[in-house]
Each structure stands twice: as C-alpha cells, then as structure tokens.
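Each residue of the first sequence is one higher than the last, beginning at 15 in my numbering. Cβ coordinates follow ideal geometry from the N, Cα and C atoms, glycine included. Shown next, in structure tokens, is the structure this report addresses.
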Amino acid sequence: MSDNVSAKYEPLQIEPKWQSVWEQAGLNKVDEDPAKPKYYVLEMFPYPSGDIHMGHVRNYTIGDVVARHLAMRGYSVLHPMGWDAFGLPAENAAIKGNTHPATWTHANIDKQKASLARMGFSYDWDRTVVTCDEDYYRWGQWIFLKFWERGLVERKMSPVNWCPGCKTVLANEQVLGDGECWRCKSIVEKRDLEQWYFKITEYAQELLDSLDEMPGWPERVKTMQANWIGRSEGAEVDFVLCGADGEPTDERITVFTTRPDTLFGCTFFLLAPEHPLVHELVHGTPYAADVMTVVRAAERESAVERSMGEREKHGAFTGRYVINPVNGEKVPVWVADYVLMEYGTGAVMAVPCGDQRDFEFARAYGLPIPPVVVPEDDPLADKLRNTPERVLDDVTWECAYDGPGIMVQSGQFTGTPTGKGGEGVTAVIEWLAERGLGTEAINFRLRDWLISRQRYWGNPIPAIHCPACGLVPVPEAELPVRLPQDVDITKGETLADHPEFYETTCPKCGGAAARETDTMDTFTCSSWYYLRYCDARNAEEIWDTDKAAYWMPVDQYIGGIEHAILHLLYSRFFTKVFRDMGLLAHGEPFTNLLTQGMVKLDGHTMSKSRGNVVAPEDIIAKYGADTLRAFILFMAPPDKDLDWSYEGLDGIYRWLARVWRFVNDSAEESASGSDAVAGGDEAAAKLYREMHRVIGKVTDDVARFQLNTSIAAMMELTNSAYEYRNAVPAGGRDVALQREVASALVRMLAPYVPHMAEELWREVLGEPDSVHLQAWPEFDPSAVVTETIDMVVQVNGKVRGKITVATDAPQDEITAAALAAVPSWIEGKEVKKVVVVAGKLVSVVV
RNA sequence: GGCGGUGUAUCCGAAUUGGCACAGGAGGGGGCCUUAAAAGCCUCUGGCCGCAAGGCCGUGUGGGUUCGAAUCCCACCACCGCUACCA
C-alpha cells in the first residue's frame with residue numbers, strides 16, 4: 015500500500031527522453047575489448063518492406079534482452095542491425111508508385127529505423143549495413159570474383175525454375191513444396207536456360223557432417239537441412255546400350271541406385287522425358303510417336319502436376335535395350351514421366367518387385383515382376399532361397415517389398431541376406447567394381463545454387479562476355495560494377511535494356527564486349543552480412559580478419575523458422591568458403607540458433623492481404639514500448655507460436671505500475687530515513703531470501719531463453735515486496751532492505767523494460783550512471799538456504815503427510831520423522847522400503 | 001506416403017535431472033477503501049464426496065516400466081508444420 019503519493023508511471027513521457035539521452039551518450043557503441051569475453055547477438059535483419067510488424071517486435075525484443083543482459087554480466091556484446099535491401103518488392107512498389115526502388119527502399123529504411131529506435135533496441139547503429147548501398151554490394155561482387163577464382167562459380171545450361179510472376183529464375187530452395195515461388199506464390203515453370211551457379215554441392219558432405227557438431231541448433235532445423243542435402247549411399251552402375259539392331263554398342267548409360275542388390279530384378283530401364291538421349295534413341299523409328307507424346311505431356315504438366323505428388327505414371331517403349339551387367343540380360347528401355355532429370359543421372363534401373371513406383375509402372379504396362387528380395391517369412395523365401403536362376407516372373411503381392419530379406423533368383427548371390435545398406439548391397443557393389451561395371455557412389459539431392467536473376471534491383475554480377483575471350487571476370491580494381499540509377503523500371507526495363515550499362519570493353523583483349531546484365535540472388539547479400547557487421551565501415555577490405563576473429567562466430571542467432579534451409583544453409587556455405595580462403599577461423603557462422611515462433615492472430619499468420627494485422631505502433635501509442643516488450647515476451651516461450659491477444663496487456667501494464675510504486679515508495683522511505691528494524695525480522699528475512707531466489711531464477715531463465723518465466727519470477731518478487739509492506743507497517747520497515755530489493759529489481763528489469771528501469775534507476779533511486787552500465791545483481795546461493803526444510807511424505811506413491819526437518823538432518827532422522835508423520839497409513843503394516851529424495855520428499859513403501 | 005512438433009484449469013501458460021501437477025498473468029467470485037465509482041490493496045478460484053478432518057479422481061486416449069510418470073517406453077487419436085514420384 016502506498017503511503018505517499020508518488021509520481022505516476024508515464025511511459026510516453028520517459029521513453030523518448032531516454033532514447034535521445036542514450037543516443038547522445040553513445041551508450042550502444044561497442045568495440046573489441048580484449049579484456050572482456052565477447053558475445054555476438056544477432057537477429058535476422060529485415061527486408062525494408064514497410065513498417066515493422068509484431069514478428070519483428072518479438073524477434074528483436076528477444077535479442078535485445080539477451081544482449082542487454084549479457085552486457086550487464088560483463089560481456090563485450092555486439093548487437094547490430096541492418097537491412098536486406100535488394101529485392102523485388104522495391105521494383106514492384108516503384109512501378110506502382112512511379113518512384114525509384116532506391117528512393118522507396120531508403121524511405122522504408124528510415125521509417126523502420128525510427129520504429130526500431132522507438133522500441134528501445136540497443137543497436138550499435140555505427141555498424142549498420144544496407145545491402146543495396148555501394149559500400150556493401152561492392153564486397154558482394156568481390157566475393158563473386160573470389161568464388162570464381164576458387165572454381166566455385168559456374169555458368170551452365172540447365173533446366174531451371176522460372177517464375178512467371180517475378181519474371182526471373184529461382185534456385186531450388188526458393189521453390190516451395192507445391193511448386194510455388196517462395197515470394198509471389200506463382201506456379202514455377204521449367205525452362206532450359208544458361209545461368210550462373212555457386213557450387214554449393216562441393217560442400218555438401220561438410221554441410222551435412224558439421225550438423226552433428228552443432229548442439230546449439232534446434233534438432234528440427236538440422237533435420238530439415240539434412241533432408242534437403244539428402245545424402246544417399248549406393249552405387250553407380252553402367253548399362254551397355256544396344257543399337258537399333260539389338261547388338262551392344264560402346265555407349266554406356268550410368269544409373270544411380272541405393273539398391274544394387276536388386277539388380278537381378280531389373281526388368282526394364284527408364285529415362286526421364288528430358289533425358290538428352292531420348293530423342294536420339296527414337297528418332298525416325300516407329301516408337302518415336304508414342305515416346306514423344308509422353309515427352310510432350312511431361313513438358314506441359316511438369317511444373318504444376320509434377321509437384322502435386324503421386325499421380326498416374328505414363329511411359330513408352332523406345333524400341334531399344336540395355337544390357338543388365340549382372341546377368342547379361344537384355345532389358346527394354348522406356349521413357350517414363352516419373353523419372354526426374356534433376357536427380358541422379360536422369361536414368362533409372364527399374365526393379366518392380368522392390369520399388370513401389372516401378373511396381374505400379376510394371377502393372378500398368380504389363381511388364382514382368384520377378385521377386386529378387388523376399389522377407390524371411392514369405393512362402394517364397396523357402397521356395398526360392400536355393401534358386402539362382404529366374405523361374406518366377408510375377409508376384410501375388412499387392413505392392414513392392416523394400417524391407418530386409420534374402421536374395422533369390424539372383425545368381426551367385428542367391429541366399430544372401432540383404433536390405434538397405436545390407437550385406438547383399440556390399441557384395442554386389444564389390445562384384446561390380448572388380449569387373450569395372452560399377453562403383454560405390456554417394457548421391458546428394460542438393461543442387462548447385464542458381465544465383466543469377468533477371469532483375470534490376472540487385473547486385474550486378476561482375477562478369478563480361480567477350481566474343482573473343484569468352485567469360486571474363488571484371489578486374490578487382492574496377493569494382494564496384496555500379497547499378498545505374500537511370501534505368502526506367504516503371505517501363506519494365508532491366509540492365510539488359512540499358513546499353514550504357516552493358517556496352518564495355520574486354521579487360522583481357524580490349525575489344526568490344528558486353529557486361530553480364532543479370533543481378534545476384536538477394537540471398538547472396540544476406541549470406542555474409544553478419545561478417546560485415548564486425549567491421550562495417552572498412553573501405554579497404556571486406557573485413558579485418560582480427561576483428562572478425564574477435565567477434566565470430568555469432569554466439570546467438572535469432573530468427574524465423576522459414577529460413578531453416580534457405581538463408582541458414584547458404585550462410586553456412588559462405589562461411590566455409592571464407593574459412594578456406596583464410597578470412598575466418600571458423601567453419602560455422604552461428605553457434606546457437608533460436609527459431610522464434612510466429613505471431614498469429616486467431617490462429618492465422620498476420621498479413622496485410624488478410625487484413626488481420628496488429629500494428630506495434632498502436633500498442634506503443636497507448637502503453638509505451640516497455641509494456642509491449644514485456645508483454646510479447648510474457649505471452650509465450652520464445653520458440654513457440656504465439657496467438658496475439660489484447661487480454662493480459664493491461665495486466666503487464668498494471669505490474670509495471672506496481673513496480674513503479676514500490677520503487678518510488680522504497681526510495682522515499684529510504685530518504686526519510688525511518689527507523690529500520692534491522693535484520694532479525696522474519697518478514698524481512700523472507701523478502702531477502704525471495705530476492706535472491708528470484709535473482710537466481712531470472713539469471714538461469716535468460717540462459718535458457720525462458721523469458722516468459724523470468725518475467726513471472728520478477729512478478730513474484732514484486733508480490734513479495736508488497737507482501738512485506740503489508741505485513742510490516744510504515745515506520746517498522748527495513749528501508750535498507752527495501753532499497754536493496756528495489757535496486758536489484760530495477761537492474762533485473764533493465765533488459766526487458768529499458769526505459770522504465772532507467773527512469774527508476776536515475777531519477778527515483780538517484781543513481782548517477784545508466785542502469786544499463788550496471789553489474790547484474792549477484793546471486794548468493796547461501797541466501798536461499800534455510801535452516802529447516804519442508805518435505806512431503808508419500809506412502810505407496812500418495813502424499814500422506816508433511817514434515818519439517820533440519821536442512822542438514824541425516825537420512826535416518828528424516829526417515830524416522832517421516833514414519834512418525836503418517837502413523838495411520840503404516841500401522842500394522844511392514845515397511846518394505848523407504849526412499850529419501852534430498853530436500854524434496856520421503857517415499858514409504860508398505 | 002515420409003520426417004518433425006504440439007496436446008496441462010475458462011484462456012495464455014509453469015513444472016530445469018522421473019519427485020507435492022497447475023507458478024505467473026488473464027478472466028471470474030468475495031472483501032477493504034469510497035457518499036458512489038474508477039484506480040489501488042487484500043483474498044478465493046480443477047472436478048467429485050464430506051458439517052469438518054479428510055478422501056477419491058484429474059496433464060488427448062489406452063497400456064507398460066517405476067517406490068513414484070505431464071516427464072521414459074509401446075499403441076492410438078487430434079491439431080500444426082515441413083517435405084514429397086529422390087531411384
């Protein structure tokens with residue numbers, strides 16, 4: 015209860031005030047400090063699409079609490095922010111608003127920066143990066159050249175994903191599961207185009223292997239990346255192609271298979287419709303018409319239906335045969351629309367008894383299904399286990415069998431136990447390898463990263479096409495290749511429509527040449543921004559290696575799960591290349607990753623198009639930034655999705671006002687120097703103990719990112735303080751203790767509600783320096799130890815009584831007390847067992 | 001189809017190593033203060049039985065392991081997410 019009338023908590027007054035004080039004092043500036051341990055806290059930087067939304071508020075508040083908390087714990091904390099500023103929305107907005115993408119982008123950045131500042135986030139703005147600015151993107155071009163030098167850049171013709179909405183190609187990672195563009199949701203089409211690639215597949219194995227050494231990443235994200243990389247172990251097997259006359263030729267077609275042990279069951283051979291051989295094989299033959307029908311149908315529907323999952327399989331016989339290397343049998347070659355050109359070699363050995371897809375295809379086209387791997391308990395096992403030659407050409411099974419079993423009808427391998435990665439697999443690979451017919455092989459699902467985009471608003475690819483010299487890199491000294499400002503994108507122009515940009519001379523031969531007019535995927539910009547923060551204003555080099563060595567790796571990265579594969583995989587790739595270039599000591603950029611949950615409304619993602627957006631500014635205008643920060647943290651644990659609700663917002667505000675009054679009252683009473691009842695008072699001792707319990711709890715919770723429970727703990731301390739004040743009348747209170755509690759509480763609150771804490775610290779408690787420069791309250795474990803302790807007594811697993819014993823009481827004393835506490839439950843029964851759990855309970859078994 | 005996640009009060013959620021299930025907040029009831037209200041402060045708030053003491057039940061469902069299970073194991077249900085003809 016308030017004995018004095020204190021100043022009211024007025025967040026809208028104090029928040030802007032302290033923001034400008036901090037700004038002027040340079041409170042958030044940080045430099046390398048060899049005397050302190052470093053900590054790098056990073057939140058995924060935003061695309062400047064408009065104002066910040068609740069998802070940003072949540073993401074950045076979590077990061078800000080961690081950053082401020084660790085600074086108080088004595089770390090040198092790097093906590094930067096910037097903008098992922100290239101990208102298509104700027105072009106679209108520019109066309110719509112008849113402005114320039116740069117103008118639109120920078121206007122949005124200014125707006126967002128103001129909003130972030132209004133939230134009170136502790137960013138060191140001197141380190142900010144804006145990826146569309148020349149002093150940033152020139153280094154992106156430099157990276158491209160270095161990758162090129164290292165053989166990691168390739169320009170090749172390939173079937174690619176074309177988004178008709180964005181009018182550009184996309185990398186595989188940027189096509190969603192249902193065949194939609196990740197950005198605009200258009201259905202992606204396939205086109206054969208010559209494009210630029212970063213050879214991420216060179217690092218496939220390492221990207222997979224190091225996931226095992228990343229305990230700080232959520233299992234979920236690591237699984238998603240491992241699945242995406244998609245390593246399969248198996249063999250490459252060569253099949254000799256027969257000519258139109260049926261006689262073997264010199265030509266071989268290689269397939270990848272994870273089950274070489276099923277080779278004896280291969281009764282047909284499949285090519286993808288896009289396979290380059292298809293046309294050649296059927297040209298001018300009677301089979302051409304049927305085959306081309308399949309090819310054309312596949313082309314037509316590839317983008318849409320192919321992504322719809324399983325559907326009916328179509329195919330046609332080419333009239334040709336290949337020779338099965340294990341038994342010399344001639345196997346018919348078919349074209350089938352379920353074979354993907356993008357995976358493996360685009361050719362497949364079909365084993366209908368062991369592969370469900372092949373099984374369905376065989377049934378549809380009347381092809382034989384000889385069993386070659388049968389489970390032990392199948393009647394066929396006993397019948398065929400000693401039958402090396404093929405006697406049975408069909409099965410009664412409803413579907414293919416791909417589990418463990420024994421090999422049958424499989425020549426010299428008949429009777430061998432087998433299965434995925436089993437003995438039979440190894441045996442067949444060995445046999446093939448000895449004869450030069452195949453080798454053990456690893457295949458990855460991961461494709462090279464297609465980085466060229468046919469868009470204006472991106473980082474120009476620093477390459478020149480010379481008619482005489484071919485592809486020539488732009489010399490390093492000529493960087494950056496500037497993005498011209500006068501491209502009229504409202505008319506849909508790109509760099510390819512701008513001769514002033516592309517007309518140039520060859521750096522090698524001096525002849526007339528043309529600049530590359532594609533720009534780079536924006537994900538190339540976001541793959542290294544965390545490194546540039548380490549030395550953001552360096553005009554001489556991409557970063558100083560000592561500075562990067564000091565700050566890297568990022569200790570805590572925080573962002574949305576939607577980047578589980580995209581940005582997080584690309585960044586890991588970049589980091590490994592930088593390590594190999596000697597620019598970095600580490601091969602992984604982010605030691606710990608927190609994927610924060612989404613902020614939803616009524617179970618749906620908030621979006622402008624759905625019209626269900628809760629604007630942070632509206633909350634700030636009414637309650638202030640501190641209340642919003644505390645509220646969004648309190649609503650749910652950071653990694654869980656959060657359904658926005660206004661219920662409870664008042665509760666947080668009430669709590670902060672309660673803290674406000676307590677600190678004010680404590681300060682006043684301490685100033686008026688009322689006669690304290692020192693130490694011995696029981697209520698005071700309890701409050702003191704509670705203070706230390708909460709310090710310990712909050713410290714621990716931040717380390718676990720349980721920011722909702724750390725706030726709950728501070729609420730409990732607030733309640734305890736009120737309890738004390740209600741229990742002890744004014745005049746009898748320990749004012750020194752009250753002030754100590756107020757001081758600890760304000761310091762603990764500082765990372766969560768930085769403005770209120772600062773106001774209370776300086777203006778109410780009258781301390782000279784910023785609360786954000788104070789040491790975190792020290793947790794004293796001895797302060798929470800009590801002389802006696804309450805324990806529960808269970809009999810046969812049910813709570814039957816309670817005892818209070820000395821904290822250091824010996825086990826037999828506790829047992830005796832426990833038995834004495836539950837006489838009616840053990841009377842006349844034999845005590846069979848007593849389990850004492852220190853400090854918690856005694857379990858009696860009768 | 002595959003992989004992963006989640007399920008606790010009226011609602012959001014806590015329970016860190018297997019140890020008193022439900023901390024904290026919201027919502028609701030009651031009280032104090034007030035002429036009254038707001039604000040504030042105090043207090044109660046899972047279900048059933050009982051005057052009470054107390055007992056029984058209770059963490060999506062059903063089993064199991066254990067002195068003891070929200071937590072571990074098995075099966076199933078519901079919802080969510082990712083992925084998908086990957087040879």
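Assigned secondary structure, V167 (DSSP; H/G/I helix, E/B strand, else coil): Taken through DSSP and simplified to helix, strand or coil, V167 comes out as strand.
Using 7 Å as the threshold, is the C-beta distance between A832 and V856 below it? For A832 and V856, yes; Cβs fall inside 7 Å.
Do three or more CB pairs link the segment 754-770 to the segment 637-655 at distances below 8 Å? Contact holds: three or more Cβ-Cβ distances are below 8 Å.
Under the three-state reduction of DSSP, which class applies to T440: helix, strand or coil? Reduced to three states, the DSSP call for T440 is helix.
Residue from D264, G248, A249 with nearest C-alpha to L255: Of the listed residues, the one whose Cα sits closest to L255 is D264.
Close Cβ partners of H600 (< 8 Å) along its chain, the five nearest in sequence each way excluded: Within the same chain, and ignoring the five residues on either side of H600 in sequence, the residues whose Cβ sits closer than 8 Å to its Cβ are M566, P567, T589, R593.
Should N11 go down as buried or exposed, given a rule of 16 or more other Cβ atoms within 10 Å for buried? Past the edges of the chain, shown from 15 to 860, lies residue 11, and the structure says nothing about it.
Which two residues bound the contiguous alpha helix (DSSP H) that contains Q239? That run of the alpha helix (DSSP H) goes 233-243.
Pick from R141, N122, N42, A99: whose alpha carbon is nearest that of Y544? Considering only alpha carbons, the answer is R141.
Is the beta carbon of G360 closer than 7 Å to that of H289? It is a contact, given that the beta carbons lie within the stated cut-off.
Quickly, what does DSSP pair A364 with across the bridge? List them, please. A364 has F282 as its beta-bridge partners, per DSSP.
Let me check understanding here. Comparing Cα to Cα, which of L701, L759, H293, E661 lies closest to W674? Measuring from the Cα of W674, the nearest candidate turns out to be L759.
Hey, quick one: how far does the beta strand (DSSP E) through V813 stretch, first residue to last? For V813, the enclosing beta strand (DSSP E) stretches over residues 812-820.
Does the beta-carbon of S466 have 16 or more other beta-carbons within 10 angstroms, so that it is buried, or is it exposed? The Cβ neighbour count for S466, taken over all protein chains shown within 10 Å, is at least 16; the residue is labelled buried.
Any idea if P25 is buried or exposed, counting beta-carbon neighbours within 10 angstroms, 16 or more meaning buried? Around the CB of P25, 16 or more other CB atoms lie within 10 Å, so the residue is classed as buried.
Pairwise C-alpha distance: E844 and Q808: Taking the straight line from one Cα to the other gives about 15 Å.
Using the Cα positions of I646 and M762, report the straight-line distance between them to the nearest angstrom. Between I646 and M762, the C-alpha separation is close to 17 Å.
Separation of W669 from T723, as counted between CA atoms: Roughly 15 Å between the two C-alpha positions.
Alpha helix (DSSP H) containing C480: first to last residue? From DSSP, C480 is part of no alpha helix (DSSP H) but of the beta strand (DSSP E) over 477-480.
What is the residue span of the beta strand (DSSP E) that D206 lies within? Taken as a continuous stretch (DSSP letters only), the beta strand (DSSP E) holding D206 covers 203-212.
In its own chain, which residues sit with a C-beta less than 6 Å from the C-beta of V167, not counting the 5 before and 5 after it? The beta carbon of V167 sits closer than 6 Å to the beta carbons of F161 from its chain, once the five residues preceding and following it are set aside; these are given in chain order.
Could you spell out the range, first to last residue, of the alpha helix (DSSP H) harbouring M421? Where M421 is concerned, there is no enclosing alpha helix (DSSP H), although the beta strand (DSSP E) around it starts and stops at 419-421.
Nearest to S621 by CA position, among H67, Y61, E148, is which residue? Per the Cα distances, H67.
Roughly how many angstroms lie between the CA atoms of F604 and W557, to the nearest whole one? Each residue's alpha carbon lies about 18 Å from the other.
Secondary structure at C177, three-state DSSP: helix, strand or coil? Strand, per DSSP.
To which residues of the same chain is S63 closer than 6 Å at the C-beta, ignoring the five residues directly before and after it? Taking S63 as the centre and dropping the five residues before and after it, the same chain places the C-beta of P103 closer than 6 Å to its C-beta, in chain order.
Straight-line CA distance for A49 to A85? Spanning the alpha carbons of A49 and A85 requires a straight line of approximately 14 Å.
Could you tell me if H706 is buried or exposed, where buried requires 16 or more neighbouring beta carbons within 10 angstroms of its beta carbon? With 16 or more other CB atoms across the displayed protein chains lying within 10 angstroms of its CB, H706 is buried.
Using the rule of at least 16 other Cβ atoms within 10 Å of the residue's Cβ for burial, across every protein chain shown, is M171 buried or exposed? Answer is exposed; the Cβ neighbour count stays below 16.
Return the chain-ordered list of same chain residues with a C-beta closer than 7 Å to the C-beta of M728, the five sequence neighbours on each side being excluded. Cβ neighbours of M728 beyond the five flanking positions: V708, V712, L759, M762, L763.
Would you tell me roughly how many angstroms separate the C-alpha atoms of N400 and N175, rounded to the nearest one? Each residue's alpha carbon lies about 50 Å from the other.
The alpha helix (DSSP H) spanning I456 covers which residue range? The continuous stretches of alpha helix (DSSP H) do not include I456, which lies in the beta strand (DSSP E) extending over residues 452-458.
Taking the alpha carbon of E490 as the reference point, which residue from G611, D47, E163, G853 has its own alpha carbon closest? Distance from the Cα of E490 is smallest, within the candidate group G611, D47, E163, G853, for E163.
Taking only the alpha-carbon atoms, compute the straight-line gap between E492 and P521 and give it to the nearest angstrom. Rounded to whole angstroms, the separation of the alpha carbons of P521 and E492 is 10 Å.
Among E530, A852, G625, which one has its Cα closest to the Cα of E208? It is E530.
Cβ shell of G842 (< 8 Å), same chain only, five flanking positions each side left out: Counting only Cβ-Cβ distances below 8 Å, and skipping sequence neighbours, we find nothing.
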